[in-house]
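**Student:**
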């Protein structure tokens, strides 16, 4: 009886060990693939393309949604700044806004724009993590109007702040969370502005 119990315990431990070993290996491999596990410098001097989805909540009035495609073009070479590295690039995009209609007005708006963006990469440029900020301008095919806000111009200035990380071989893939604001800067009233929270996937080549 004792021998059988002992054998069962040993067998159980052996089984747990055999199961735990591949699980630990898989966990280690997954952690190694995370952006924070990268151990090489990331180049921000490559052209890129991206897709992006966003939302501007309007409470009971519903939400405005955006879908964007764009390209990024490096402009300013990376320079050391404090404990990180600063670079710059142009962001050119085409976007569609889908929002609640005002009366018989449109629900979809096509927008083109360009932003100059500064990117700060941490750890002297060796970190996969980065922060960004940019300013630019955009034009829509219609003046944006919804039940709770109405623009007065088709042209809008835009400012963006974002945080993100690079992953994959050579850091060619990127994910970032961004907050982007649009307004005409007081050129004409009303000027309620619109602010989107956006998620971006980018690929650099």
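In my numbering, the protein residues as written are 1003 to 1207. We put the CB at the ideal spot given by N, CA and C, even for glycine. No experiment lies behind these values; they were computed from the predicted model shown.
1. Closest by CA to residue 1087, which one among 1132, 1070, 1054?
2. Pull up the CB-CB distance for residue 1184 and residue 1158, whole angstroms please, since I reckon it's below 8 Å.
3. Using the C-alpha atoms, what's the distance from residue 1053 back to residue 1121?
4. For the stretch 1105 to 1113 against the stretch 1072 to 1091, do three or more pairs of beta-carbon atoms, one drawn from each stretch, fall closer than 8 Å, so that the two count as touching?
5. Quick one: using the 10 Å Cβ neighbour count with 16 as the cut-off for buried, is residue 1202 buried or exposed?
6. Is any heavy atom of the ligand NAP found at a distance shorter than 8 Å from the C-beta of residue 1181?
7. So is residue 1089 buried or exposed if we call it buried at 16+ other beta carbons inside 10 Å?
8. By a C-beta neighbour count over all protein chains shown, 10 Å radius and 16 as the cutoff for buried, is residue 1063 buried or exposed?
9. Taking 8 Å as the limit between beta carbons, can you name the residues of its chain near residue 1126, skipping five residues before and five after?
10. Only counting the same chain, and skipping five residues up and downstream in sequence, which positions put a Cβ closer than 8 Å to that of residue 1055?
11. Could you work out which residue in 1144, 1123, 1154, 1137 is closest to residue 1188 when comparing CA atoms only?
12. Helix, strand or coil, according to DSSP, for residue 1126 in the structure here?
13. Compute the Euclidean distance between the alpha carbons of residue 1165 and residue 1118, then round it to the nearest angstrom.
**Tutor:** On the basis of the data shown:
1. Minimum Cα distance to residue 1087 is reached at 1132.
2. 4 Å
3. 18 Å
4. The answer is no - the stretch 1072 to 1091 does not touch the stretch 1105 to 1113, with fewer than three Cβ pairs under 8 Å.
5. buried
6. The ligand NAP is absent from the structure shown, which contains no ligands of any kind.
7. The Cβ neighbour count for residue 1089, taken over all protein chains shown within 10 Å, is at least 16; the residue is labelled buried.
8. exposed
9. 1082, 1085, 1086, 1087
10. 1067, 1068, 1069, 1070, 1200, 1201.
11. 1154
12. helix
13. 16 Å
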